[in-house]
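S.K.:
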Amino acid sequence: MKHSKLALLISAAIFTSAGAYASDSNTANVNQSGAENSVVVTQQVASMQNEATVGQTGDRNESTVIQADTSLTKAFITQLGNDNKGTILQHDATESATATIDTTGENNQAKIEQQFNNGANAAALVEQNGNLNAAEILQDNGDTANSTIYQNGDSDVAKIRNHFSDFADATITQNLGGGNDAYINQESSDAASATMTQTGAGNNGDIEQNTQNYGYSAGADDTVATLTQVGDGNRGDIYQSGASSDADVNQQGSLNQADVLQTGDDNMADVDQMGSSDIAYVDQTGQGGMATVMQTGNTFNTATIMQGGVSNAATVNQNGTSNEALVTQSDFDNVANVDQTNVGNNATVTQSGSTTEGNLANVTQAGSNDITVVTQIGNDNKAYVDQEANSFGNTITVMQSGDGNYAGAETNLGGLNTITINQTGNGNFVGNSPLSNNWYDLEIGAGTLGAENEVMIDQTGDLNMAYADAADLSSVIDIDQMGDSNTAVAESWGGTDNDIMISQTGTYHNADVFVDGAGNNMVSITQTDASNTANVTSFGYGNSVTVIQGM
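In the working numbering, the protein residues as written are 1 to 551.
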């Protein structure tokens, strides 16, 4: 024949009255060897338990199996060679259909479509060995559908789509290669599950569950997405729209990036990265969400969590140097936890709440040259920052705007640390909290332990309270309060050459200072206006006290 091309068509088309199965249990077997061959097998019209098997050896071959309006059908295509194409189409009222394509070689294409009016329990499998291969599975309107793609090679592409298929289960595995792309889309499919595994460098993985690309907003609740990548320079993305969904990303290697976007209530996101220069980004919109990022590696990792809604929780754990954690939460009753171990780490927490309920920020850093910045807007917020384990050259900044806020910060066993707390509003507190709501044992004010540390507290408003302490030598406490009926308490103990400065502007202020050290400590209290009280107790030698009251 022309171009030495052999075309083979097998058709089993049965026309019967409605409801009758006049053509059951048909079997078609085709085997071809050579190049540029083609096969089309058609089994259709009110039949069941049909089976089609096609085997091709050679290059540039093409196989197509069409099974329509049949139940319990099976289709198998096996191709050995390069530049081959295999297609299985199972359409209409097809129950418990099975489709399998197996290719070995390069630049092969495999496609399976299972589209049902009333179908369930469909199963599709594609396995490809070689480079530059492409596999695609589409399952539409088929509950409890199962789809699986296995690829071994470089620069492969795998796509699975589940539409209107509740309890669908999709799996893509790409091994022993790099530069691969994998994509799973589960649209409007409640309780759908997606699992993706990629091994190698430079891979891209994308899981989308109910992304509403088709202009409707049918729900996809209770979905689960799991993405695992092993190697360097990989990127993984998970997008979920619906309630009670779960997203898990695990990346092992360096220069990897993970993005998780979730819209809906009670969603969970978990990103685990092991390596250096990794990036994790989690964005949740809704209430009752939980986001966790854990980065274990050497240096320069970045974790970002953004949450919009009430009663959300964000947790970042980083173990390494020069890492950065950023948590942004809007609305109220949110909790942010950041834990960093090693040196040169940065933590930034921003929370904007309401006038009714507050947020909680908790930051723990163990190392030197660490930086923490906490910003809270609204009432009844709580911020607690602890820099421990021989902290040197660390910086803590807490800024709160609103009423009834609490701030606590401490640095331990180090020097050249700086604590800055700024509160604007009434009834704010830096110190042992009498307003504890059992979130944490908030017992620390603003304190330092070590040499040449500095504590600065600035409060604007009425009925505020500030407590600060400095231990060891050459440290500075500076408290500035503007308003009425404020209280400042400062302590310096066990050291020399410490300076305590308190400035209060307004009426009915109280200033209490206690100094117990070796000597050469300085206390300065300035109270402007009337009805103020200053109390100073000093032990040691060479200490100086200055109190100025009045205009």
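Yeah, the Cβ is synthetic: ideal placement off N, Cα and C, and Gly gets one too.
This structure is a prediction, so every number in the text was calculated from the model and none was measured.
Identify the continuous beta strand (DSSP E) that holds phenylalanine 539 and give its terminal residues.
M.R.: Here residue 539 refers to the residue found at position 539 of the sequence shown. Start and end: 533 to 541.
S.K.: Alpha carbon to alpha carbon, what distance is there between leucine 449 and serine 515?
M.R.: For this step, residue 515 is matched to residue 515 along the sequence shown. For this step, residue 449 is matched to residue 449 along the sequence shown. Here the sequence assigns valine to residue 515, which means serine is not the residue at that position. Roughly 15 Å separates the two Cα atoms.
S.K.: What's the call for tyrosine 541, buried or exposed, on a 16-neighbour Cβ count within 10 Å?
M.R.: As a first step, residue 541 must be located in the sequence shown, where it is residue number 541. It counts as exposed.
S.K.: Tell me where the beta strand (DSSP E) around glutamine 287 begins and ends.
M.R.: Sequence index remark: in the sequence shown, residue 287 carries index 287 (1-based). Counting along the chain, glutamine 287 falls outside any beta strand (DSSP E), and DSSP gives it neither H nor E.
S.K.: Would the beta-carbon of alanine 134 fall within 9 Å of that of serine 96?
M.R.: In the sequence shown, counting from the first residue as 1, residue 134 sits at position 134. In the sequence shown, counting from the first residue as 1, residue 96 sits at position 96. No, these two residues do not count as a Cβ contact at 9 Å.
S.K.: Given asparagine 129, which residues of its chain have a CB within under 7 Å of its CB, disregarding the five upstream and five downstream residues?
M.R.: Position 129 of the sequence shown, counted from the start, is the residue given in the question as residue 129. Thr104, Asn152 and Gly153, listed in sequence order.
S.K.: Please list the terminal residues of the continuous beta strand (DSSP E) segment that includes tyrosine 150.
M.R.: Here the question's residue 150 lines up with position 150 in the sequence shown. Looking at the DSSP string, the run of the beta strand (DSSP E) that includes tyrosine 150 is 146 to 152.
S.K.: What's the C-alpha gap between valine 547 and asparagine 312?
M.R.: By one-based count along the sequence shown, residue 547 stands at place 547. By one-based count along the sequence shown, residue 312 stands at place 312. Rounded to whole angstroms, valine 547 to asparagine 312 spans 47 Å at the Cα level.
S.K.: Taking all protein chains shown into account, do 16 or more other C-beta atoms lie within 10 angstroms of the C-beta of leucine 176, making it buried, or fewer, making it exposed?
M.R.: Working through the sequence shown from its first residue, we reach residue 176 at position 176. Leucine 176 comes out exposed.
S.K.: Measuring straight from C-alpha to C-alpha, what distance separates glutamine 423 and alanine 383?
M.R.: One-based indexing of the sequence shown puts residue 423 at position 423. One-based indexing of the sequence shown puts residue 383 at position 383. Glutamine 423 and alanine 383: Cα-Cα distance of roughly 11 Å.
S.K.: Would you mind stating whether methionine 522 and threonine 505 have Cβ atoms separated by less than 9 Å?
M.R.: Walking along the sequence shown from the start, residue 522 turns up at place 522. Walking along the sequence shown from the start, residue 505 turns up at place 505. It is not a contact, given that the beta carbons lie outside the stated cut-off.
S.K.: Tell me where the beta strand (DSSP E) around leucine 176 begins and ends.
M.R.: Your numbering for residue 176 matches position 176 in the sequence shown. Counting along the chain, leucine 176 falls outside any beta strand (DSSP E), and DSSP gives it neither H nor E.
S.K.: Could you check what DSSP says for asparagine 369 in three-state terms: helix, strand or coil?
M.R.: Position 369 of the sequence shown holds residue 369. Asparagine 369: coil per DSSP, three-state reduction.
S.K.: DSSP state of aspartate 266, grouped into three classes?
M.R.: The count along the sequence shown starts at 1 and reaches residue 266 at position 266. Residue state, collapsed to three classes: coil.
S.K.: Between glycine 550 and threonine 460, what straight-line distance do the alpha-carbon atoms span, to the nearest angstrom?
M.R.: In the sequence shown, residue 550 corresponds to position 550, counting from 1. In the sequence shown, residue 460 corresponds to position 460, counting from 1. Their backbone Cα atoms lie some 19 Å apart in a straight line.
S.K.: Suppose the cutoff is 8 Å on Cβ atoms and the five residues either side in sequence are ignored; what does the same chain contact list for leucine 552 look like?
M.R.: Because the chain is modelled from 1 through 551, residue 552 falls outside the range shown and cannot be assessed.
S.K.: Under a three-way DSSP split, which group does methionine 551 fall into?
M.R.: Position 551 of the sequence shown holds residue 551. Three-state result, methionine 551: coil.
S.K.: Where in the region 367 to 415 do unbroken runs of the beta strand (DSSP E), each at least 3 residues long, occur, reported from the N-terminal end onward?
M.R.: Counting whole runs of 3 or more residues, the region 367 to 415 contains the beta strand (DSSP E) stretches 371 to 377, 382 to 388, 395 to 401 and 406 to 411.
S.K.: Please say whether alanine 291 and glutamate 324 have beta carbons closer to each other than 9 Å?
M.R.: Mapped onto the sequence shown, residue 324 falls at position 324. Mapped onto the sequence shown, residue 291 falls at position 291. Not closer than 9 Å, so no.
S.K.: Our contact map puts alanine 470 next to isoleucine 457 with C-beta atoms below 8 Å; I'd like the distance itself, whole angstroms only.
M.R.: To locate residue 470, count along the sequence shown from 1; it is residue 470. To locate residue 457, count along the sequence shown from 1; it is residue 457. That belief does not hold up - the Cβ atoms of alanine 470 and isoleucine 457 are roughly 12 Å apart, past 8 Å.
S.K.: My assumption, with CB atoms under 8 Å, is that glutamine 365 sits in contact with asparagine 359. Please give the rounded CB distance.
M.R.: Taking the first residue of the sequence shown as position 1, residue 365 is located at position 365. Taking the first residue of the sequence shown as position 1, residue 359 is located at position 359. With a Cβ gap of about 20 Å, glutamine 365 and asparagine 359 do not count as contacting.
S.K.: So, are the CB atoms of asparagine 50 and lysine 85 less than 9 Å apart?
M.R.: One-based indexing of the sequence shown puts residue 50 at position 50. One-based indexing of the sequence shown puts residue 85 at position 85. No. Outside cutoff.
S.K.: In angstroms, rounded to a whole number, what distance separates the CA positions of valine 338 and asparagine 317?
M.R.: Here residue 338 refers to the residue found at position 338 when the sequence shown is read from its first residue. Here residue 317 refers to the residue found at position 317 when the sequence shown is read from its first residue. Straight-line Cα distance between these residues: approximately 6 Å.
S.K.: Residues in its own chain within less than 6 Å of alanine 35 by CB, not counting five upstream and five downstream?
M.R.: Stepping through the sequence shown from its first residue, residue 35 is reached at position 35. Cβ within range, chain order: Gly58, Asp59 and Arg60.
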